[in-house]
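To start, the structure under review is shown below, and the notes come after it.
This is the structure we're talking about:
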């Protein structure tokens, strides 16, 4: 359930789950539902923090619990949720009014972060689209039974100069289009089609990339051995 149900809802103590009822990870997940009531997300977070301050001064809840909730709302994790929510809201293809769009975006945001549990959290990287390209290479895809990854950030290129993209980032979406489980060529087409700039949602999982590269190298080595064996067999018969 969202913490705030309508765009004009007034923030009250009833909107905030009691500190003993949920863990901090769950509260952070619910941050995206706070944002679903309004596009002024920084203001929403400030309003929640202000309410927690008032509750703390009133003595109605134990200060350590309230301070823990405040730390979550002021954390980089909650900021990352807000950033991904904003990106998804602007780009998701949703039919319906602002409230329907906001609720759908909140659910998509929670799904993105839930899928990343145990890994780095999703983040948004925006790159300018210039004649020199975007400055990175990707590998993987559905046809290779693997996620799509940033395999190389070209030194001195656009992505390298911008600094937000890393080798080992898994590509989750391109300009709002989900590429998880998609073919390699689909991601390439979306990157090529971008005009002016491209917004990427990524998460950093370098160990998975290393495992994928090791698997590909093993397959390449097996093919080379097979080709060598076939060539030797032909020579012996000749």
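Residue numbers (the numbering used here): 48 to 285.
In this text, a Cβ means the ideal position worked out from N, Cα and C, and glycines have one as well.
- Fewer than three Cβ pairs drawn from the segment 226-240 and the segment 255-274 lie within less than 8 Å of each other, which leaves the two stretches out of contact.
- If only uninterrupted beta strand (DSSP E) runs of at least 3 residues are considered, those enclosed by the segment 187-271 are 193-200, 216-221, 244-251.
- When only Cα atoms are considered, residue 97 and residue 118 end up about 13 Å apart.
- Put simply, the backbone Cα of residue 115 is about 12 Å away from that of residue 100.
- In the DSSP assignment, no residue is bridged to residue 181.
- The beta carbon of residue 216 sits closer than 6 Å to the beta carbons of 197, 249, 251 from its chain, once the five residues preceding and following it are set aside; these are given in chain order.
- The closest CA to that of residue 256, considering only 192, 178, 177, 179, is found on 192.
- Sequence-distant Cβ neighbours of residue 190 in its own chain, meaning closer than 7 Å and more than five residues away, are 230, 231.
- The DSSP-derived three-state label of residue 169 is coil.
- Residue 240 is classed as exposed because its beta carbon has fewer than 16 other beta carbons within 10 Å across all chains shown.
- Take residue 224, set aside five residues on each side of it, and the residues of its chain with a beta-carbon closer than 7 Å to its own are 237, in chain order.
- Partner residues in a beta bridge of residue 98, as assigned by DSSP, do not exist.
- A direct Cα-Cα distance of roughly 20 Å separates residue 247 from residue 149.
- With a contact defined as Cβ atoms closer than 8 Å, residue 176 and residue 220 miss out at about 16 Å.
- The bridge partners DSSP lists for residue 175 are 244.
- Residue 227 is positioned such that its CB atom lies no closer than 9 Å to that of residue 171.
- Distance check between residue 195 and each of 253, 144, 146 places 253 closest, using alpha-carbon atoms only.
- When C-alpha distances from residue 133 are compared across 222, 207, 205, 200, the shortest belongs to 222.
- In this model, residue 183 and residue 204 are separated by some 8 Å (Cα to Cα).
- A residue is called buried once 16 or more other Cβ atoms fall within 10 Å of its Cβ, and residue 187 is buried on that count.
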